[in-house]
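J.:
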Amino acid sequence: MRDRRSLGPRRGPWVRATPLLLAFALVAAAPADEIQLSGQPQQGALLRGTAPPGTTALRLDGKPIPLGEGGAFLVGFDRDAPPKAELVAERSGGTSIRLLTVAPRAWDIERVDTPLRQGIPNEEFQRVRAAELARIAAARATPVTSDGWRQQFAWPARGRISGVFGSQRIYQGEPGSYHSGVDIAAGAGATVTAPADGVVVLAGPPVFSLEGNLVIVSHGMGLDSAFLHLATVAVKEGQRVRQGDPIGTVGATGRATGPHLHWSMKWQNARIDPQPLAGPMPAATIPPKE
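Numbering (the working numbering), first residue to last: 1 to 290.
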């Protein structure tokens, strides 16, 4: 027996109709010694902010946050972020502290009346997977200078959204892993493009056992996008890409049931929902559901 429940909205506070200038205008009236944010902290959300003048270091719950020109910064909240967080700015004139309330999200949860099956991977898979994860971690740690994080993000492919960020199955009360990105049901061979400017920090092959052909683009300030299951890869590591540049084509490599693009984003180690950053999928590009 399945009890499928839609537990509320899947979208965050950032929509395509809100340009960067408006986002910064939301914080323009705050006092100069306060840490300014462009929106409401929420699970899975990415916000832009501005640190007070003279800030020399900024931390979220004790972890350092990169600072850009004029004190601009990003701050992200994981899918399972706790309800409270603290931003601390150390500056020449003292310390500014902003206590944050992180709003919960209502995720798309499917309850399944079957037990969760957890196979034990063999030693060879564990060895290969450990090397793959180390390569991904090293790529994401690559220092990158890019202003792509300042841009309004665009969809990397067009099509029906077949999987949403944060969705999860509960097997007889035991939670399975949640979906860490957005799935786009674009046709096999469709072009995948960079959603914002950045630097390619990882480009397969070799094919990853789960992700298949994988490309990771860093947009700067600790923010990156990953594109999974590609049929072909059109970029090389170290290559700079501009928003709209081709990076590959849609495929079904790795662990995939059919051709689609899985687009996931991370800010530092926080899983971020890409959908609110890109805004609504253009209606004319969404094929009818079969």
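Glycine included, each C-beta is placed from N, C-alpha and C at the ideal position.
Starting from E86, follow the beta strand (DSSP E) in both directions and report where the run begins and ends.
T.: Translated into the one-based positions of the sequence shown, residue 86 becomes position 86. It spans K84 to R91 - the beta strand (DSSP E) in which E86 sits, taken as one unbroken run.
J.: So, for L67: in the same chain, excluding its five sequence neighbours on each side, which residues have a beta-carbon less than 7 Å away from its beta-carbon?
T.: For the purposes of this step, residue 67 is taken as the residue at position 67 of the sequence shown. Excluding sequence neighbours, L67 sits near A51, T55, L58 and F73.
J.: In three-state terms, what does DSSP make of F128?
T.: As a working note, residue 128 is residue 128 in the sequence shown. At residue 128 the sequence reads Val, which differs from the Phe that was named. Here V128 sits in helix by DSSP.
J.: Whose C-beta lies closer than 7 Å to the C-beta of A139 among residues of the same chain, with five residues either side of it excluded?
T.: In the sequence shown, counting from the first residue as 1, residue 139 sits at position 139. Excluding positions up to five away in sequence, the list reads V201, L202 and I216.
J.: Does DSSP classify L210 as helix, strand or coil?
T.: Position 210 of the sequence shown, counted from the start, is the residue given in the question as residue 210. Coil.
J.: Quick check on DSSP: helix, strand or coil for I97?
T.: Here residue 97 is taken as the residue at index 97 of the sequence shown, counted from 1. I97 falls in the strand class under three-state DSSP.
J.: Which residue's Cα is closest to the Cα of G44: Y178, I136, N213 and G94?
T.: Counting from one through the sequence shown, the residue named residue 44 turns up at place 44. Of the candidates Y178, I136, N213 and G94, the residue whose Cα lies closest to the Cα of G44 is Y178.
J.: Rounded to whole angstroms, what is the Cα-Cα separation between H219 and V144?
T.: In the sequence shown, counting from the first residue as 1, residue 219 sits at position 219. In the sequence shown, counting from the first residue as 1, residue 144 sits at position 144. Spanning the two alpha carbons is a distance of roughly 8 Å.
J.: Using the rule of at least 16 other Cβ atoms within 10 Å of the residue's Cβ for burial, across every protein chain shown, is S209 buried or exposed?
T.: Counting from one through the sequence shown, the residue named residue 209 turns up at place 209. So S209 counts as exposed.
J.: Which value, in whole angstroms, describes the spacing of the CA atoms of A106 and G76?
T.: Translated into the one-based positions of the sequence shown, residue 106 becomes position 106. Translated into the one-based positions of the sequence shown, residue 76 becomes position 76. Distance between the alpha carbons of A106 and G76 is about 18 Å.
J.: Got a sec, what are the start and stop residues for the alpha helix (DSSP H) A278 sits in?
T.: In the sequence shown, residue 278 corresponds to position 278, counting from 1. Element bounds for A278: P274 to A278.
J.: In angstroms, rounded to a whole number, what distance separates the CA positions of P41 and L100?
T.: As a working note, residue 41 is residue 41 in the sequence shown. As a working note, residue 100 is residue 100 in the sequence shown. Looking at the two C-alpha atoms, the distance is approximately 7 Å.
J.: Given a cut-off of 8 Å on the beta-carbon distance, is the pair R240 and V192 in contact?
T.: Position 240 of the sequence shown holds residue 240. Position 192 of the sequence shown holds residue 192. Their beta carbons are not under 8 Å apart, which means R240 does not touch V192 by this criterion.
J.: Is R11 helix, strand or coil by DSSP?
T.: For the purposes of this step, residue 11 is identified with residue 11 of the sequence shown, where counting begins at 1. Unreliable placement is indicated for R11, whose pLDDT of 37 sits below 50; the coordinate value is still reported in the next sentence. Three-state DSSP puts R11 in coil, outside helix and strand.
J.: Inspect the beta-carbon positions of V102 and P82 and report whether they are closer than 8 Å.
T.: Residue 102 sits at position 102 when you count from the first residue of the sequence shown. Residue 82 sits at position 82 when you count from the first residue of the sequence shown. Cβ atoms of V102 and P82: closer than 8 Å.
J.: Residues in its own chain within less than 7 Å of K236 by CB, not counting five upstream and five downstream?
T.: Residue numbering aside, residue 236 sits at position 236 when the sequence shown is read from its first letter. Answer for K236: V200 and A203, listed in chain order.
J.: Grab me the residues of A278's own chain with a C-beta within less than 7 Å of its C-beta, minus the 5 sequence neighbours each way, in chain order.
T.: In the sequence shown, residue 278 corresponds to position 278, counting from 1. The answer, listed in chain order, is R16, F153, A154, W155 and P195.
J.: Is G189 closer than 8 Å to T249 when the C-beta atoms are compared?
T.: Along the sequence shown, one-based indexing puts residue 249 at 249. Along the sequence shown, one-based indexing puts residue 189 at 189. Taking 8 Å as the Cβ cut-off, T249 and G189 qualify as a contacting pair.
J.: For S218, which beta-bridge partners are listed by DSSP?
T.: As a working note, residue 218 is residue 218 in the sequence shown. Answer is V199 and D224, bridged to S218.
J.: What are the residues that DSSP puts in a beta bridge with H262?
T.: Translated into positions along the sequence shown, residue 262 becomes position 262. H262 pairs with D183 and L228.
J.: Secondary structure at G238, three-state DSSP: helix, strand or coil?
T.: Numbered from its first residue, the sequence shown carries residue 238 at position 238. Correct three-state label for G238: coil.
J.: Out of curiosity, what's the CA-to-CA distance linking I272 and L133?
T.: Working through the sequence shown from its first residue, we reach residue 272 at position 272. Working through the sequence shown from its first residue, we reach residue 133 at position 133. In a straight line, the C-alpha of I272 is about 19 Å away from that of L133.
J.: Which residues share a DSSP beta bridge with A270?
T.: For the purposes of this step, residue 270 is identified with residue 270 of the sequence shown, where counting begins at 1. W267.
J.: Within the same chain, show all residues whose beta-carbon is closer than 8 Å to that of P274, passing over the 5 residues directly before and after it, in chain order.
T.: Counted from its first residue, the sequence shown places residue 274 at position 274. Around P274: F153, F165, G181, V182, P195, S225, W263, S264 and M265.
J.: Can you have a look at A157 and say buried or exposed, based on whether 16 or more other CB atoms are within 10 angstroms of its CB?
T.: Locating residue 157 in the sequence shown gives position 157, counting from the first residue. Buried: at least 16 other Cβ atoms inside 10 Å.
J.: Nearest-angstrom Cα distance between N122 and A130?
T.: Translated into the one-based positions of the sequence shown, residue 122 becomes position 122. Translated into the one-based positions of the sequence shown, residue 130 becomes position 130. Going by the C-alpha atoms only, they are around 12 Å apart.
J.: Pull up the DSSP beta-bridge partners for R48, would you.
T.: For the purposes of this step, residue 48 is identified with residue 48 of the sequence shown, where counting begins at 1. Answer is L74.
J.: Return yes when the Cβ of I184 is within less than 8 Å of the Cβ of L261, no when it is not.
T.: Taking the first residue of the sequence shown as 1, we reach residue 261 at position 261. Taking the first residue of the sequence shown as 1, we reach residue 184 at position 184. In this structure, I184 lies closer than 8 Å to L261 by Cβ.
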